[in-house]
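Residues in the sequence shown are numbered consecutively from 29, following the working numbering.
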Amino acid sequence: MERANLFPDAAQADTLVSTQEKLLISPPPPPAVEAACPAKQISQHQLINKLNYLNFRDKPLYVNFRHKQYHRALSIKAKPQPCQDDRLTCLWQQDAGSIVDQPDGFGFQNILIPDGNRFLVAEPQVLEISRRAIRLILPESCRAEDARSARRHSCRNINAYVTQNGALFYGSMVDFSAFSFRVQVQTTPPQTFDWVDTDLAVNVILFDGNKTLYSGECRIIKQTHGHKDRYWVLETLKRNIRRFRPKEFRSDRHHMVPLPTIIFSHPLSKQIISLDVLNLSGSGLAVEEEYGHAVLFPGLIIPEMGIRFGDGSYATCTAQIIYSQVNDGDSAKGILKCGIALLDVPIDDHIKLLTLLHQVKDKNAHVCNRVNLDDLWKFFFATGFIYPGKYKLNE
29 MERANLFPDA AQADTLVSTQ EKLLISPPPP PAVEAACPAK QISQHQLINK
79 LNYLNFRDKP LYVNFRHKQY HRALSIKAKP QPCQDDRLTC LWQQDAGSIV
129 DQPDGFGFQN ILIPDGNRFL VAEPQVLEIS RRAIRLILPE SCRAEDARSA
179 RRHSCRNINA YVTQNGALFY GSMVDFSAFS FRVQVQTTPP QTFDWVDTDL
229 AVNVILFDGN KTLYSGECRI IKQTHGHKDR YWVLETLKRN IRRFRPKEFR
279 SDRHHMVPLP TIIFSHPLSK QIISLDVLNL SGSGLAVEEE YGHAVLFPGL
329 IIPEMGIRFG DGSYATCTAQ IIYSQVNDGD SAKGILKCGI ALLDVPIDDH
379 IKLLTLLHQV KDKNAHVCNR VNLDDLWKFF FATGFIYPGK YKLNE
């Protein structure tokens, strides 16, 4: 089976299926990439574990059907129920009336189980299809196929504004990677999607409550078709932004041993992220991410980020991703280097940070450390900070 057949082109399907069937078509993932090696075989035992994990996380799988006359595919979301043997029951999360009412129209094809940046493709036998569920007999094995080179991460309660030339569309963020993200947008009459020229850039604002998390220019690289709502896959236009005016003298970057670590709850996925700091200054730092699992993209604001140092000390701040670039020639297996600007640091934490940085540069340098007052006054007189004229004024 060719990989392209797993995710049909929704645009072509519009003219070949009914209106009710169109509503069942789930927004297809981005086109799959060709595998460099044969698909990996997954045992039935491993498949059952993956299905139970989906049930535990309350996530769906995809049940695929193919029209017997027009050879067009239909993908319906379903939630797998707890499974302990080769019998699997999945509850529909979308209306499956077209499948039940027209048993001679669509034939069962396979199921797709999301697994990070790949899909498990299984071809079970069908026991029963009803309006509520589908019952299957799992095969002895299935195969794992790469879906995309960079994993997409789900979002939680992230709202989105998409604007272009005065037209404003409101929606929500669905998922994201370090290179693109997907939003679902709706129209409000008299709006139509004809107001948007997909060949031109759009401005996107992502926010959580009253916190703006991202604002920038993007281009629409993929979209579904609908009159009231659509899914847009958006790609950021800039991989490097400028947050502050350029300085004549750039802050020194220091490589510290052991490496400090940044820890934060990702503002979009709400997952805890921990990354080693490559270099650090009083105004910014750099980290590295694996290309396939990257979660940072330029413009993203991190409302609360912690920096943990090797001596156990800890500093907090608000930060923003300034750039993200491939650090290796092979992007599929390479490393992304990300620059992060420190936007707001509590004064005590900033003093703590500067103290450590000065000691990295000069072990005898101490910032805001406790000193002997007699030694301090001796230093003031010896250096001329308190000169005769100034001292006489105190009489």
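The C-beta atom is built at its ideal place from N, Cα and C for all residues, glycine as well.
- Listed in chain order, the non-local C-beta contacts of Asp203 below 8 Å within the same chain comprise Arg180, His181, Ser182, Cys183, Phe209, Arg210, local neighbours out to five positions each way being set aside.
- In this chain, the beta strand (DSSP E) harbouring Trp260 covers 257–264.
- Our two residues, Ser169 and Val128, have alpha carbons roughly 28 Å apart in a direct line.
- Beta-bridge partners of His95 (DSSP): Phe134.
- Each of Gln137, Ala188, Asp225, Ser352 was checked against the Cα of Phe207, and the nearest Cα belongs to Ser352.
- Counting C-beta atoms within 10 angstroms of its own C-beta, Gln348 has 16 or more neighbours from the protein chains shown and is therefore classed as buried.
- Rounded to the nearest whole angstrom, the C-alpha separation of His255 and Phe221 is 7 Å.
- Rounded to the nearest whole angstrom, the C-alpha separation of Gly362 and Asp403 is 54 Å.
- In the DSSP assignment, the residues bridged to Glu156 are Arg163.
- Val149 is classed as buried because its beta carbon has at least 16 other beta carbons within 10 Å across all chains shown.
- A buried status is given to Val305, since no fewer than 16 other beta-carbon atoms sit within 10 Å of its beta-carbon.
- In the structure shown, Asn268 adopts extended strand secondary structure according to DSSP, grouped into three states.
- Residue pairing for His181: DSSP places it in a beta bridge opposite Phe204.
- Taking each of Lys298, Ala161, Thr215, Glu151 in turn and checking the Cα distance to Phe136, the smallest one comes out for Glu151.
- Put simply, the segment 251–270 touches the segment 221–231. At least three CB pairs are less than 8 Å apart.
- In the same chain as Cys111, and ignoring 5 residues on each side of it, the C-beta atoms closer than 7 Å to its own belong to Ile76, Leu79, Asn80, in chain order.
- Within the same chain, Cβ atoms closer than 8 Å to the Cβ of Val230 are found at Val190, Thr191, Gln192, Val224, Glu245, Cys246, Arg247, Ile248, Leu262, the five residues on either side in sequence being excluded.
- Taken in chain order, the complete beta strand (DSSP E) segments of 3 or more residues contained in the segment 208–239 are 208–214, 230–236.
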